[in-house]
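If you're matching positions, the sequence shown starts at 14 in the working numbering and goes up one per residue.
Here a beta-carbon is modelled for each residue, glycine too, at the ideal position from N, C-alpha and C.
These notes concern the structure reproduced below.
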Amino acid sequence: MMILKKVQGIITVFSIVIIFTFFIQPFPASACSCASPPDPLTAKDMSAAVFTGKVLQVNERTDWIGLLPFGDNLDRGGFDVVFEVQSTWKGVDQQQVLIVTDGLGGACGIPFQVGQEYLVYASYWERNDLETNICTRTALKADAGVDLQALGSGTVPGPLAAINWNDYLSTGIILIISGGALFYLFLSQTKRRR
């Protein structure tokens, strides 16, 4: 009888462990392996965006929904990096841009540092955001002399469009006066009919 209870206990524990393993989601292991990057002009043609900029913010990315069991979209983490754009050759025309990079280590992410200036080659890969990693020619601006010489002079992104409120003010005044006149005509026609 005592042996039977021990066997039942072992089977119960074993069953719980087996059932529990169905809810464990494996994390894919990845090692960063890169082919040698192309020359600067080919890298520019292959990229969606090429620019120099200063890092303003680096925020760690975590998507807890992606970590749930049976999820289709496992988020491997990484970093959102906000740049103040200095010069651009392709794909960026605003003064600030958000770039995503994977986690560090085996995930090929770049350890961007706030305040540092970089030459960035970015593309749309797995996410809908511009991404870069150590397999691109992205580098500290101070170390990118060969690339900067090959790319030539970039363009400075234009300032944010300033709204000229005077244009809207005159249009608004005309609309208000016209609306008031139409309302007055409507009221005077309504009184005449009575």
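State the CB to CB distance for the pair residue i and residue j, rounded to an integer number of angstroms; the pair is presumed to be in contact (CB under 8 angstroms).
| i | j | result |
| --- | --- | --- |
| residue 188 | residue 127 | Their Cβ separation, rounded to whole angstroms, is 47 angstroms, which puts residue 188 and residue 127 out of contact at 8 angstroms. |
| residue 7 | residue 133 | There is no way to answer for residue 7, as the model of the chain reaches only from 14 to 207. |
| residue 98 | residue 105 | 6 angstroms |
| residue 161 | residue 57 | Rounded, the Cβ-Cβ distance is 12 angstroms, inconsistent with contact. |
| residue 62 | residue 143 | 5 angstroms |
Let me know the secondary structure DSSP gives residue i once reduced to three states.
| i | result |
| --- | --- |
| residue 165 | coil |
| residue 116 | coil |
| residue 52 | coil |
| residue 70 | strand |
| residue 151 | coil |
| residue 135 | strand |
| residue 62 | strand |
| residue 105 | coil |
| residue 142 | coil |
| residue 92 | strand |
| residue 21 | helix |
| residue 208 | This structure leaves residue 208 out entirely; the chain is present only between 14 and 207. |
| residue 100 | strand |
How would you call residue i, buried or exposed, if buried means at least 16 neighbouring beta carbons within 10 angstroms?
| i | result |
| --- | --- |
| residue 131 | buried |
| residue 158 | exposed |
| residue 122 | buried |
| residue 203 | exposed |
| residue 166 | exposed |
| residue 52 | exposed |
| residue 172 | exposed |
| residue 191 | exposed |
| residue 201 | exposed |
| residue 49 | exposed |
| residue 25 | exposed |
| residue 55 | exposed |
Excluding the 5 residues preceding and the 5 following residue i in the sequence, name in chain order all residues of the same chain whose CB lies nearer than 7 angstroms to its CB.
| i | result |
| --- | --- |
| residue 72 | 92 and 93 |
| residue 141 | none |
| residue 145 | 112, 114, 123, 133, 134, 135 and 151 |
| residue 102 | 57, 63, 64, 164 and 167 |
Skipping 5 residues on each side, what residues in its chain have a beta carbon closer than 8 angstroms to that of residue i?
| i | result |
| --- | --- |
| residue 124 | 117 |
| residue 60 | 103, 104, 134, 135, 136 and 149 |
Using a Cβ-Cβ cut-off of 6 angstroms (strictly less than) and excluding sequence neighbours within five positions of residue i, which residues of its own chain qualify?
| i | result |
| --- | --- |
| residue 208 | Because residue 208 is not part of the residues shown, which for the chain are 14 to 207, the question remains open. |
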